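For any residue, its number in our numbering is found by taking its place in the sequence shown, counting from 1, and adding 335.
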Amino acid sequence: MTASELHPGGPSGDSTADLVAQELAALPITDVHTHLFDPAMGGPADRLLLTGIDELLTYHYHLAELFRVRRDLDPEEFAVRPRAAQADLVWQELFVARAPLSEVGRGVCELLTALGLDPNAADLAEARAFHRDTDREALVDRVFELAGLTEVCMTNDPLDGIERAAWERGFDRDPRFVAALRLDSAIMNWPQPVAGLRALGVDVEETLSERTVTALRGYLVDWHRRMDARYMAVSLPPILGYPDSDANWLQLLVRAVIPAARELGTPLALMIGVRRQVNPRLGMAGDGLGPTDVEALERLLADHQDVRFLVTLLARESQHALCVAARKFANLTPFGCWWFLNNEAMVDEITRMRLDLLGPSFVPQHSDARVLEQLVFKWRRSRRWLTAPFAARYRELAASGRRVDREVVRQDLTAMLGRGFGGQASS
Ligand code: HDL
Ligand code: ZN
Numbered sequence: 336m337t338a339s340e341l342h343p344g345g346p347s348g349d350s351t352a353d354l355v356a357q358e359l360a361a362l363p364i365t366d367v368h369t370h371l372f373d374p375a376m377g378g379p380a381d382r383l384l385l386t387g388i389d390e391l392l393t394y395h396y397h398l399a400e401l402f403r404v405r406r407d408l409d410p411e412e413f414a415v416r417p418r419a420a421q422a423d424l425v426w427q428e429l430f431v432a433r434a435p436l437s438e439v440g441r442g443v444c445e446l447l448t449a450l451g452l453d454p455n456a457a458d459l460a461e462a463r464a465f466h467r468d469t470d471r472e473a474l475v476d477r478v479f480e481l482a483g484l485t486e487v488c489m490t491n492d493p494l495d496g497i498e499r500a501a502w503e504r505g506f507d508r509d510p511r512f513v514a515a516l517r518l519d520s521a522i523m524n525w526p527q528p529v530a531g532l533r534a535l536g537v538d539v540e541e542t543l544s545e546r547t548v549t550a551l552r553g554y555l556v557d558w559h560r561r562m563d564a565r566y567m568a569v570s571l572p573p574i575l576g577y578p579d580s581d582a583n584w585l586q587l588l589v590r591a592v593i594p595a596a597r598e599l600g601t602p603l604a605l606m607i608g609v610r611r612q613v614n615p616r617l618g619m620a621g622d623g624l625g626p627t628d629v630e631a632l633e634r635l636l637a638d639h640q641d642v643r644f645l646v647t648l649l650a651r652e653s654q655h656a657l658c659v660a661a662r663k664f665a666n667l668t669p670f671g672c673w674w675f676l677n678n679e680a681m682v683d684e685i686t687r688m689r690l691d692l693l694g695p696s697f698v699p700q701h702s703d704a705r706v707l708e709q710l711v712f713k714w715r716r717s718r719r720w721l722t723a724p725f726a727a728r729y730r731e732l733a734a735s736g737r738r739v740d741r742e743v744v745r746q747d748l749t750a751m752l753g754r755g756f757g758g759q760a761s762s
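(1) Would residue 583 and residue 674 qualify as a contact pair, given that the criterion is a beta-carbon distance under 9 Å?
(2) On the DSSP bridge list, what partners appear for residue 506?
(3) Considering residue 629, what are the terminal residues of the alpha helix (DSSP H) in which it resides?
(4) My understanding is that residue 539 touches residue 555, with C-beta atoms under 8 Å, so please give their C-beta distance in whole angstroms.
(5) Residue 566: which of 575, 590, 598 and 469 sits nearest, CA to CA?
(6) Looking only at its own chain, which residues have a Cβ that is under 8 Å from the Cβ of residue 575, when we skip the five neighbours before and after it?
(7) So residue 569 is in the beta strand (DSSP E); what residue range does that whole segment cover?
(8) Find the nearest neighbour of residue 355 within the set 750, 731, 723 and 755, judged by alpha-carbon distance.
(9) For residue 752, does the three-state DSSP call read helix, strand or coil?
(10) If residue 697 sits next to residue 733, beta carbons under 8 Å apart, how far is it from one beta carbon to the other, in whole angstroms?
(11) Verify the contact flag: residue 703, CB atom, against every heavy atom of the ligand ZN, threshold strictly below 8 Å.
(12) Got a sec? Which residues, its chain only, sit under 8 Å from residue 826 by beta carbon, not counting five neighbours each side?
(13) Going by other Cβ atoms of all chains shown within 10 Å of its Cβ, with 16 needed for buried, is residue 708 buried or exposed?
(14) If we ignore side chains and look at the alpha-carbon of each, how far apart do residue 613 and residue 625 end up?
(15) Under 9 Å between the Cβ atoms of residue 371 and residue 489?
(16) Quick check: residue 651 and residue 679, are their CB atoms within less than 9 Å of each other?
(17) Could you tell me which of 438, 404 and 513 sits nearest to residue 563, measuring between CA atoms?
(18) Pairs of beta-carbons, one from the region 377-393 and one from the region 517-536, closer than 8 Å: are there three or more?
(19) With DSSP run on the structure shown, which of helix, strand or coil describes residue 583?
(20) Looking at the ligand ZN, does it come within less than 8 Å of residue 570, judged from the CB to the closest heavy atom?
(21) Quick check on the burial criterion: 16 or more other C-beta atoms within 10 angstroms. Buried or exposed for residue 779?
(22) Is the CB-CB distance between residue 659 and residue 672 below 9 Å?
(23) Tell me, which residues are paired with residue 486 by DSSP?
(24) Checking 9 Å against the spacing of the C-beta atoms, do residue 447 and residue 462 come in under that value?
What follows is the structure, given as structure tokens:
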């Protein structure tokens, strides 16, 4: 990717800003969190690696917007329509009848143009023909090249039967798709996970006994090793409540998950702030957010300073406290502008805050992509949005007399957006 592709307006005339834009454009990036899958695991029919315009337009970000402009629609009735019919209606309502002004709407238009398709099309015939006529491996190659990515981290759940079948069948790994062991299904809403875990031979019981804790820790260690995972991750409600809360998931996090992370020497990603199903009628689009008790996170970090935590918070109002906590605890690496924060204003605000408080020791962004082609617009836009805060800081540094050259910029950006997840030594 070149800076001129990213910044159609051409060079800014500021040599430092242009240097940052060029290095960001050319940087091979590790995407630390996505919901994509190795192509060898399966495709749309298995609900694994999703591709194509119908999957793109039925992404839950678009559906939330559709129901706003079509309050007559019954989301439950809409959800059982054929996926192509859903996509047709999204295209008509959000892209034809009105301008797709939202972040994800503009993103799809940028994607279509990057793929040589017409964002002004009256219908989806051209986009569907392109998807039909494009070999999937070739599409993966094209998308990674257009997005400027080295690798993406998946979200892997052994308790998902379809995904587990792929692991049990075995497949030739594509090194561009890195495993990340996701824990929600194993520790949230206990004792719901018990039946699924026991079906896998994990000797847990309904009580949070030592037997349960030991068996769960063994499950995590075994599957992390089996997947050759890069880290473990879990999404959590806004309030941690540590250490006083008696929430089952907190007990399991402290007694089983953190010891497993320590045993594996692997980072633990905490994605905090989700209020699940604020509006259940909207399905995956029905989740909301809440501010996080960062002081409880600080206590968790303080009690486990030998474990490395990658943390992203969903509430804008919690971001400053997260940066301050990261100044107190080197085992905390803030990452990404997650979900409702993945837009120009929030990325700019949060990145400037992080650079000022932390220097180049955090992970600026991840995509959260659910459909392969989303990587193209999510990463082209993120690079554009990251250019201004980084350029401003390097420009000020240069103006102070400190040398700023291509090597130092490349080194910093690689540490932050490369395999090292923020440039700190792994735990
Ligand atoms: O829990 C998560 O990983 C979130 O990213 C959810 O999957 C959410 O639905 C999402 O896709 N956000 O972008
Ligand atoms: Zn996600």
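Ideal placement from N, C-alpha and C gives every residue a C-beta, glycine not left out.
Note that the structure is a prediction, hence the values are computed from the model and not measured.
In short, the structure shows the following:
(1) Numbered from 1 along the sequence shown, position 248 holds the residue referred to as residue 583. Numbered from 1 along the sequence shown, position 339 holds the residue referred to as residue 674. For residue 583 and residue 674, no; Cβs fall outside 9 Å.
(2) On the sequence shown, residue 506 is found 171 positions in, with the first residue counted as 1. Looking at the DSSP assignment, residue 506 forms no beta bridge with any residue, so it has no partner.
(3) As a working mapping, residue 629 is identified with position 294 in the sequence shown. Counting along the chain, the alpha helix (DSSP H) containing residue 629 begins and ends at 629-638.
(4) Position 204 of the sequence shown, counting from 1, holds the residue named residue 539. Position 220 of the sequence shown, counting from 1, holds the residue named residue 555. About 12 Å separates the two Cβ atoms, so there is no contact after all.
(5) Reading the sequence shown from its first residue, position 231 is the one you call residue 566. The candidate whose alpha carbon is nearest that of residue 566 is 598.
(6) Walking along the sequence shown from the start, residue 575 turns up at place 240. For residue 575, where only same-chain residues beyond five positions count, the Cβ hits under 8 Å are 585, 607, 627, 628, 631, 632 and 635.
(7) Within the sequence shown, the letter at position 234 stands for residue 569. Note, residue 569: beta strand (DSSP E), 567-571.
(8) Taking the first residue of the sequence shown as position 1, residue 355 is located at position 20. Among 750, 731, 723 and 755, the Cα nearest to that of residue 355 belongs to 723.
(9) Locating residue 752 in the sequence shown gives position 417, counting from the first residue. Helix, per DSSP.
(10) Here residue 697 is taken as the residue at index 362 of the sequence shown, counted from 1. Here residue 733 is taken as the residue at index 398 of the sequence shown, counted from 1. The pair is not a contact, with the Cβ atoms about 22 Å apart (cut-off 8 Å).
(11) Along the sequence shown, read from residue 1 onward, the residue named residue 703 stands at position 368. Yes.
(12) Since the first and last residues shown for the chain are 336 and 762, residue 826 lies out of range.
(13) Walking along the sequence shown from the start, residue 708 turns up at place 373. When all chains shown are included, residue 708 counts as buried.
(14) Position 278 of the sequence shown, counted from the start, is the residue given in the question as residue 613. Position 290 of the sequence shown, counted from the start, is the residue given in the question as residue 625. Straight-line Cα distance between these residues: approximately 11 Å.
(15) By 1-based counting over the sequence shown, the position of residue 371 is 36. By 1-based counting over the sequence shown, the position of residue 489 is 154. Yes, these two residues count as a Cβ contact at 9 Å.
(16) For the purposes of this step, residue 651 is taken as residue 316 along the sequence shown, with counting starting at 1. For the purposes of this step, residue 679 is taken as residue 344 along the sequence shown, with counting starting at 1. No, Cβ-Cβ distance for residue 651 and residue 679 is not below 9 Å.
(17) For the purposes of this step, residue 563 is taken as the residue at position 228 of the sequence shown. Nearest option by C-alpha distance: 513.
(18) Contact between the region 377-393 and the region 517-536 is absent, because fewer than three Cβ pairs lie under 8 Å.
(19) To locate residue 583, count along the sequence shown from 1; it is residue 248. In this structure, residue 583 counts as helix in the three-state DSSP scheme.
(20) For the purposes of this step, residue 570 is taken as residue 235 along the sequence shown, with counting starting at 1. Checking every heavy atom of the ligand ZN against the Cβ of residue 570, one is found closer than 8 Å.
(21) Outside the modelled stretch of the chain, which goes from 336 to 762, sits residue 779, for which no answer is possible.
(22) Start at 1 with the first residue of the sequence shown, and residue 659 comes out as number 324. Start at 1 with the first residue of the sequence shown, and residue 672 comes out as number 337. Not a contact, by the Cβ cut-off of 9 Å.
(23) Locating residue 486 in the sequence shown gives position 151, where the first residue counts as 1. Note: residue 486 sits in a beta bridge opposite 365.
(24) On the sequence shown, position 112 is the one that residue 447 refers to. On the sequence shown, position 127 is the one that residue 462 refers to. A contact, by the Cβ cut-off of 9 Å.
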